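Undergrad: Pasting a structure here, questions to come.
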Amino acid sequence: MSHLISSLFPTTRNKTLFFMMAAGVKNIVFKNGAKMPIVGFGTWQNSDESMDESIDAALEAGYRHIDTAYLYGNEAAIGRALKRWFDSGRLKREDLFIVTKLPVVGYQPDRVEKYLKRSLKALQLKYVDLYLIHQPWGLIETGENMLPMDESGNLLHDTTIDHVALWKAMEAQVDAGRTLNIGLSNFNSRQIKRVFQSARIPPSNLQVELHVYFQQRELVAFCDALDITVCAYAPLASPTMIPAFAPLGGDVDSIPRLSPLTEPVVVKIAEKHGKTSAQVLLRHIVQRGISVIPKSSNPDRIRQNIQIFDFNLDDEDVKQLDALDRGSQCRLFSGNIHKGMDKHPEYSFNEPY
Ligand code: NAP
Numbered sequence: 241m242s243h244l245i246s247s248l249f250p251t252t253r254n255k256t257l258f259f260m261m262a263a264g265v266k267n268i269v270f271k272n273g274a275k276m277p278i279v280g281f282g283t284w285q286n287s288d289e290s291m292d293e294s295i296d297a298a299l300e301a302g303y304r305h306i307d308t309a310y311l312y313g314n315e316a317a318i319g320r321a322l323k324r325w326f327d328s329g330r331l332k333r334e335d336l337f338i339v340t341k342l343p344v345v346g347y348q349p350d351r352v353e354k355y356l357k358r359s360l361k362a363l364q365l366k367y368v369d370l371y372l373i374h375q376p377w378g379l380i381e382t383g384e385n386m387l388p389m390d391e392s393g394n395l396l397h398d399t400t401i402d403h404v405a406l407w408k409a410m411e412a413q414v415d416a417g418r419t420l421n422i423g424l425s426n427f428n429s430r431q432i433k434r435v436f437q438s439a440r441i442p443p444s445n446l447q448v449e450l451h452v453y454f455q456q457r458e459l460v461a462f463c464d465a466l467d468i469t470v471c472a473y474a475p476l477a478s479p480t481m482i483p484a485f486a487p488l489g490g491d492v493d494s495i496p497r498l499s500p501l502t503e504p505v506v507v508k509i510a511e512k513h514g515k516t517s518a519q520v521l522l523r524h525i526v527q528r529g530i531s532v533i534p535k536s537s538n539p540d541r542i543r544q545n546i547q548i549f550d551f552n553l554d555d556e557d558v559k560q561l562d563a564l565d566r567g568s569q570c571r572l573f574s575g576n577i578h579k580g581m582d583k584h585p586e587y588s589f590n591e592p593y
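What follows is the structure, encoded as structure tokens:
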């Protein structure tokens with residue numbers, strides 16, 4: 241059967257879409273057969289105070305994939321909320337797909353186990369479903385400070401990191417059963433290829449910024465060829481990222497001001513289908529076989545963001561949405577938004593894709 245599917249649908253993306261269409265299943269399928277729900281719940285900037293309500297709303301609405309990171313500082317709040325659900329018998333661990341990320345100060349191989357164990361403790365889990373290297377550039381570990389900076393506010397880079405050695409430590413976490421899958425985030429194609437070529441366990445997933453103004457066509461095709469699935473972060477173009485970064489002292493003026501929710505083309509298509517702009521934007525990505533992880537702290541919007549399986553964007557809609565792509569000039573998370581970020585030798589966004 242899998243051979244038949246492979247010959248009919250030679251690429252991961254087509255195989256993914258086949259599974260979605262054939263079974264009505266809202267998952268993307270990794271090369272090793274693991275299934276990741278195609279809509280996940282993003283949690284960056286979701287405060288501890290709102291976490292219980294947000295996780296309840298998300299799980300009640302049908303989300304089974306939650307995205308967090310050591311850096312977000314919210315794993316313990318998520319862990320408490322999940323424990324309530326497990327204790328009440330409403331969900332079992334295996335019903336969920338939990339993603340977290342190695343912090344940027346953990347990129348020496350001997351630190352990976354420590355940080356993953358800390359994440360697991362905070363999440364009150366024995367394993368995560370996917371562990372990602374948060375970004376390709378790393379920082380010097382100085383105590384518990386996750387964003388160490390010098391007196392001028394420049395990030396303190398660890399320039400000795402080696403992705404190949406780091407990946408071996410990631411693979412060891414799979415061997416130890418602490419994560420079922422491993423992947424990358426914010427890596428460019430050259431960096432992905434280097435890891436991929438040396439990997440015993442290839443990356444299952446790449447998490448990158450991807451939205452209607454920055455559709456990442458080349459990078460998605462590159463991943464497709466390697467059977468690496470893609471997850472889109474900032475799928476609504478992260479409307480509150482500027483206030484989040486402003487206090488860090490970086491160059492927030494360089495961040496493009498994007499408003500896809502009020503983009504006339506999007507609004508018109510939303511009206512046509514009786515859906516919201518957010519639903520159209522998320523559906524556009526999901527129809528490409530790419531996972532989305534929209535964040536919201538608002539129960540109504542949390543519910544709205546997963547109600548995208550009861551309509552279909554037709555060819556004309558897709559053509560108009562595809563045409564909104566402006567490429568990397570609309571990349572939000574880049575450059576000097578953290579002072580000195582783009583000076584690291586492994587800073588990934590100077591290359592075409
Ligand atoms: P996003 O999901 O594109 O946008 C979130 C923002 O949109 C929030 O301010 C939210 O406000 C608003 N929003 C959500 N649903 C809406 C709707 N239906 N209508 C109108 N507004 C809506 O941006 P993001 O949070 O930056 O990215 C999503 C997730 O990706 C993150 O939470 C995180 O898990 C992950 N991420 C990963 C990386 C990485 O480096 N790997 C980087 C950034 C993000 P309300 O809360 O008020 O609804």
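So my numbering is basically just the index in the sequence shown, starting at one, shifted up by 240. We put the beta carbon where it would ideally sit given N, CA and C, even for glycine. Since the structure is predicted, the reported quantities are computational estimates derived from the model, not experimental observations.
So, for A486: in the same chain, excluding its five sequence neighbours on each side, which residues have a beta-carbon less than 6 Å away from its beta-carbon?
TA: V492
Undergrad: Relative to the ligand NAP, is the shortest distance from any of its heavy atoms to the C-beta of P534 smaller than 8 Å?
TA: yes
Undergrad: Does DSSP put M276 in a helix, in a strand, or in coil?
TA: Look at M276 here: in three-state DSSP terms it is strand.
Undergrad: Check for me: the alpha helix (DSSP H) holding V448 runs from which residue to which?
TA: Premise fails: V448 lies in the beta strand (DSSP E), 445-449, not in any alpha helix (DSSP H).
Undergrad: Can you tell me which of the three DSSP states V368 falls into?
TA: strand
Undergrad: Can you give me the start and stop residues for the alpha helix (DSSP H) that Y355 sits inside?
TA: 352-363
Undergrad: Tell me whether S475 counts as near the ligand NAP, meaning its Cβ is closer than 8 Å to at least one heavy atom of that ligand.
TA: In the sequence on display, residue 475 carries Pro and not Ser. True, at least one ligand heavy atom lies under 8 Å from that Cβ.
Undergrad: Please state the DSSP three-state secondary structure of D307.
TA: strand
Undergrad: Cβ atoms of V460 and I530: under 9 Å apart, would you say?
TA: yes
Undergrad: Is P479 near the ligand FMN, going by C-beta to nearest heavy atom under 8 Å?
TA: This structure simply doesn't include the ligand FMN; it includes the ligand NAP instead.
Undergrad: Could you check the C-alpha separation between F566 and T283 for me, to the nearest Å?
TA: First, the amino acid is wrong: residue 566 is Arg here, not Phe. The straight-line gap from Cα to Cα measures roughly 27 Å.
Undergrad: For the beta strand (DSSP E) that C570 lies in, which residues bound it at each end?
TA: Looking at the DSSP string, C570 is not in any beta strand (DSSP E), and its letter there is neither H nor E.
Undergrad: Less than 8 Å between C-beta atoms, sequence neighbours within five positions excluded: which residues of the same chain meet that for L360?
TA: K366, Y367, V368, R418
Undergrad: The beta strand (DSSP E) with V339 in it runs from where to where?
TA: 337-342
Undergrad: Please determine if the region 283-298 and the region 532-551 are in contact, where contact requires at least 3 C-beta pairs separated by less than 8 Å.
TA: In short, these stretches touch, since the Cβ pair count reaches three.
Undergrad: Report back the beta-carbon spacing between P376 and N421 to the nearest angstrom; my notes put them in contact at under 8 Å.
TA: Between N421 and P376 the Cβ distance is about 19 Å, and since that is not below 8 Å, they are no contact.
Undergrad: Report yes if the CB atom of L561 is closer than 9 Å to the CB atom of I509, and no otherwise.
TA: yes
Undergrad: If you run the structure through DSSP and keep just helix, strand and coil, what is G264?
TA: With a pLDDT of only 43 at G264, under the threshold of 50, the placement of this residue in the model should not be trusted; the figure read from the coordinates follows. Coil at G264, not helix or strand.
Undergrad: Would you call the CB atoms of F337 and L370 closer than 9 Å?
TA: yes
Undergrad: I'd like to know if the region 300-320 and the region 566-584 are in contact, where contact means that at least 3 CB-CB pairs between them fall below 8 Å.
TA: no
Undergrad: Given a threshold of 16 other Cβ atoms within 10 Å of its Cβ, counted over all protein chains shown, does N314 qualify as buried or as exposed?
TA: buried
Undergrad: What three-state label does DSSP hand L521 in the structure shown?
TA: helix
Undergrad: Quick one: what's got a C-beta closer than 8 Å to Q431's C-beta in the same chain, skipping five residues either side?
TA: P376, H403, L424, E586, S588
Undergrad: What residue range does the beta strand (DSSP E) around I422 cover?
TA: 422-425
Undergrad: Could you tell me whether any non-hydrogen atom of the ligand NAP is closer than 8 Å to the CB of R541?
TA: yes
Undergrad: Around the C-beta of N552, are 16 or more other C-beta atoms found within 10 angstroms, so that it is buried, or is it exposed?
TA: exposed
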